[in-house]
Amino acid sequence: VKILAPVFLSRGDTRTPVKVGVIAMVSNVFLNIIFAYYFAHVGLAVATSISAVINASLLYYYLKKQSIYQFSNDLIKLFLKVLLASFIMVVFILNFSNDINFYLENGVWQRITSVAITIVASAVLYFACLRLLGIRMKQL
24 VKILAPVFLS RGDTRTPVKV GVIAMVSNVF LNIIFAYYFA HVGLAVATSI SAVINASLLY
84 YYLKKQSIYQ FSNDLIKLFL KVLLASFIMV VFILNFSNDI NFYLENGVWQ RITSVAITIV
144 ASAVLYFACL RLLGIRMKQL
(Lines of atoms letter the chains of each structure in order from A; the text may use other names.)
(Lines give C-alpha, C1' and ligand atoms only; values in the text may rest on other atoms or scores of the structure.)
Protein backbone atom coordinates (compact mmCIF):
# COMPACT_ATOMS: atom_id res chain seq x y z
CA VAL A 24 0.00 0.00 0.00
CA LYS A 25 2.86 2.35 0.84
CA ILE A 26 4.23 1.75 -2.64
CA LEU A 27 0.99 1.63 -4.62
CA ALA A 28 -0.89 4.63 -3.16
CA PRO A 29 1.84 7.22 -3.96
CA VAL A 30 1.61 6.25 -7.64
CA PHE A 31 -1.93 7.63 -7.72
CA LEU A 32 -0.98 10.68 -5.68
CA SER A 33 1.92 11.51 -7.99
CA ARG A 34 -0.50 11.47 -10.92
CA GLY A 35 -2.84 13.87 -9.12
CA ASP A 36 -5.43 11.18 -8.38
CA THR A 37 -6.27 11.47 -4.70
CA ARG A 38 -9.75 9.98 -4.97
CA THR A 39 -8.79 6.41 -5.86
CA PRO A 40 -6.57 5.70 -2.81
CA VAL A 41 -9.12 7.32 -0.50
CA LYS A 42 -11.99 5.32 -2.05
CA VAL A 43 -10.01 2.09 -1.77
CA GLY A 44 -9.00 2.96 1.80
CA VAL A 45 -12.62 3.47 2.79
CA ILE A 46 -13.58 0.12 1.24
CA ALA A 47 -10.73 -1.57 3.13
CA MET A 48 -11.71 0.15 6.38
CA VAL A 49 -15.37 -0.84 6.08
CA SER A 50 -14.39 -4.41 5.22
CA ASN A 51 -12.09 -4.41 8.25
CA VAL A 52 -14.95 -3.39 10.55
CA PHE A 53 -17.29 -6.07 9.21
CA LEU A 54 -14.60 -8.76 9.24
CA ASN A 55 -13.62 -7.77 12.80
CA ILE A 56 -17.20 -8.20 13.96
CA ILE A 57 -17.55 -11.58 12.27
CA PHE A 58 -14.12 -13.02 13.09
CA ALA A 59 -13.93 -11.66 16.65
CA TYR A 60 -17.15 -13.49 17.46
CA TYR A 61 -15.77 -16.85 16.30
CA PHE A 62 -12.01 -16.50 16.91
CA ALA A 63 -11.66 -13.78 19.61
CA HIS A 64 -8.44 -11.78 19.39
CA VAL A 65 -6.99 -14.02 16.67
CA GLY A 66 -9.96 -13.10 14.51
CA LEU A 67 -9.10 -9.42 14.83
CA ALA A 68 -5.60 -10.06 13.50
CA VAL A 69 -6.89 -12.19 10.64
CA ALA A 70 -9.53 -9.60 9.74
CA THR A 71 -6.95 -6.82 9.69
CA SER A 72 -4.65 -8.89 7.48
CA ILE A 73 -7.46 -9.69 5.05
CA SER A 74 -8.40 -6.00 4.89
CA ALA A 75 -4.80 -5.09 4.10
CA VAL A 76 -4.80 -7.62 1.25
CA ILE A 77 -8.09 -6.17 -0.02
CA ASN A 78 -6.57 -2.68 0.08
CA ALA A 79 -3.42 -3.67 -1.81
CA SER A 80 -5.36 -5.79 -4.31
CA LEU A 81 -7.80 -3.00 -5.14
CA LEU A 82 -4.99 -0.47 -5.54
CA TYR A 83 -3.18 -2.86 -7.89
CA TYR A 84 -6.44 -3.53 -9.78
CA TYR A 85 -6.92 0.19 -10.44
CA LEU A 86 -3.27 0.61 -11.45
CA LYS A 87 -3.64 -2.22 -13.94
CA LYS A 88 -7.05 -0.99 -15.14
CA GLN A 89 -5.61 2.45 -15.89
CA SER A 90 -2.61 0.81 -17.65
CA ILE A 91 -0.22 2.45 -15.21
CA TYR A 92 1.49 -0.67 -13.92
CA GLN A 93 1.31 -4.43 -14.32
CA PHE A 94 3.30 -7.07 -12.45
CA SER A 95 5.86 -8.88 -14.56
CA ASN A 96 5.78 -12.66 -14.85
CA ASP A 97 9.06 -12.84 -12.93
CA LEU A 98 7.58 -10.89 -10.02
CA ILE A 99 4.51 -13.14 -9.97
CA LYS A 100 6.74 -16.25 -9.95
CA LEU A 101 8.80 -14.78 -7.10
CA PHE A 102 5.65 -14.01 -5.13
CA LEU A 103 4.32 -17.56 -5.59
CA LYS A 104 7.64 -19.07 -4.50
CA VAL A 105 7.71 -16.92 -1.37
CA LEU A 106 4.09 -17.86 -0.69
CA LEU A 107 4.94 -21.57 -1.02
CA ALA A 108 7.93 -21.25 1.34
CA SER A 109 5.73 -19.38 3.82
CA PHE A 110 3.06 -22.07 3.63
CA ILE A 111 5.62 -24.81 4.28
CA MET A 112 6.94 -22.87 7.27
CA VAL A 113 3.42 -22.44 8.71
CA VAL A 114 2.70 -26.16 8.33
CA PHE A 115 5.98 -26.90 10.14
CA ILE A 116 5.14 -24.51 12.98
CA LEU A 117 1.62 -25.88 13.40
CA ASN A 118 2.85 -29.47 13.48
CA PHE A 119 6.01 -29.15 15.56
CA SER A 120 5.40 -26.36 18.05
CA ASN A 121 4.28 -27.27 21.54
CA ASP A 122 0.67 -27.08 22.59
CA ILE A 123 -0.59 -24.65 25.19
CA ASN A 124 -0.31 -27.21 28.01
CA PHE A 125 3.47 -27.26 27.60
CA TYR A 126 3.61 -23.53 28.19
CA LEU A 127 1.28 -23.72 31.19
CA GLU A 128 3.08 -26.61 32.89
CA ASN A 129 6.76 -25.72 32.40
CA GLY A 130 9.09 -23.08 33.72
CA VAL A 131 10.01 -19.84 32.03
CA TRP A 132 13.38 -21.06 30.70
CA GLN A 133 11.84 -24.15 29.13
CA ARG A 134 9.22 -21.98 27.45
CA ILE A 135 11.81 -19.48 26.19
CA THR A 136 14.01 -22.31 24.90
CA SER A 137 11.08 -23.96 23.15
CA VAL A 138 9.99 -20.73 21.46
CA ALA A 139 13.57 -19.90 20.45
CA ILE A 140 14.09 -23.35 18.93
CA THR A 141 10.80 -23.07 17.04
CA ILE A 142 11.72 -19.64 15.68
CA VAL A 143 15.22 -20.67 14.60
CA ALA A 144 14.05 -23.96 13.06
CA SER A 145 11.24 -22.17 11.21
CA ALA A 146 13.59 -19.51 9.86
CA VAL A 147 16.10 -22.12 8.72
CA LEU A 148 13.33 -24.10 7.00
CA TYR A 149 11.93 -20.96 5.34
CA PHE A 150 15.27 -19.83 3.92
CA ALA A 151 16.15 -23.40 2.89
CA CYS A 152 12.85 -23.60 0.99
CA LEU A 153 13.57 -20.27 -0.70
CA ARG A 154 17.01 -21.53 -1.68
CA LEU A 155 15.61 -24.81 -3.04
CA LEU A 156 13.05 -22.83 -5.04
CA GLY A 157 15.89 -20.88 -6.64
CA ILE A 158 15.44 -17.59 -4.81
CA ARG A 159 18.51 -15.65 -3.76
CA MET A 160 18.46 -13.08 -0.96
CA LYS A 161 19.23 -10.31 -3.46
CA GLN A 162 15.87 -10.99 -5.12
CA LEU A 163 13.95 -10.28 -1.94
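If you count by the working numbering, then the sequence shown holds residues 24 to 163, one letter each, in order. Ideal Cβ positions, reconstructed from N, Cα and C, are used throughout, including at glycine.
With burial defined as no fewer than 16 other Cβ atoms inside 10 Å of the residue's Cβ, what is the status of residue 58: buried or exposed?
If you number the sequence shown from 1, residue 58 lands on position 35. So residue 58 ends up on the buried side.
Name the residue from 141, 66, 41 and 155 whose alpha carbon lies nearest to the alpha carbon of residue 105.
For the purposes of this step, residue 105 is taken as the residue at position 82 of the sequence shown. Nearest to residue 105 by C-alpha distance, out of 141, 66, 41 and 155, is 155.
Of the choices 136, 28 and 48, whose alpha-carbon is the least far from that of residue 121?
Your numbering for residue 121 matches position 98 in the sequence shown. The candidate whose alpha carbon is nearest that of residue 121 is 136.
Look at residue 145 and residue 112 and say whether their C-beta atoms are less than 7 Å apart.
Residue mapping note: residue 145 aligns to position 122 of the sequence shown, counting from 1. Residue mapping note: residue 112 aligns to position 89 of the sequence shown, counting from 1. Yes; because the gap between Cβ atoms is below 7 Å, this pair is in contact.
Across the stretch 113-133 and the stretch 82-99, are there enough close Cβ pairs to call them in contact, namely three or more that are closer than 8 Å?
no
Excluding the 5 residues flanking residue 51 on each side, which residues of the same chain have their C-beta closer than 7 Å to its C-beta?
As a working note, residue 51 is residue 28 in the sequence shown. Here the set comprises 70, 71 and 74.
Quick one: what's got a C-beta closer than 6 Å to residue 42's C-beta in the same chain, skipping five residues either side?
Sequence index remark: in the sequence shown, residue 42 carries index 19 (1-based). Leaving aside the five residues that flank residue 42 on each side, none in its chain has a CB nearer than 6 Å to its CB.
Considering only C-alpha positions, which residue in the set 78, 128 and 133 is nearest to residue 27?
Residue numbering aside, residue 27 sits at position 4 when the sequence shown is read from its first letter. For the options 78, 128 and 133, the alpha carbon positioned closest to that of residue 27 is the one of 78.
Please go through the same chain and pick out, in chain order, the residues whose beta-carbon is closer than 6 Å to the beta-carbon of residue 39, but skip the five residues on each side of it.
Counting from one through the sequence shown, the residue named residue 39 turns up at place 16. Only 31 and 85 meet the Cβ criterion.
Curious, which full-length beta strand (DSSP E) runs of at least 3 residues does the stretch 36-81 contain?
none
Report yes if the C-beta distance between residue 163 and residue 108 is below 7 Å; otherwise report no.
Working through the sequence shown from its first residue, we reach residue 163 at position 140. Working through the sequence shown from its first residue, we reach residue 108 at position 85. Not closer than 7 Å, so no.
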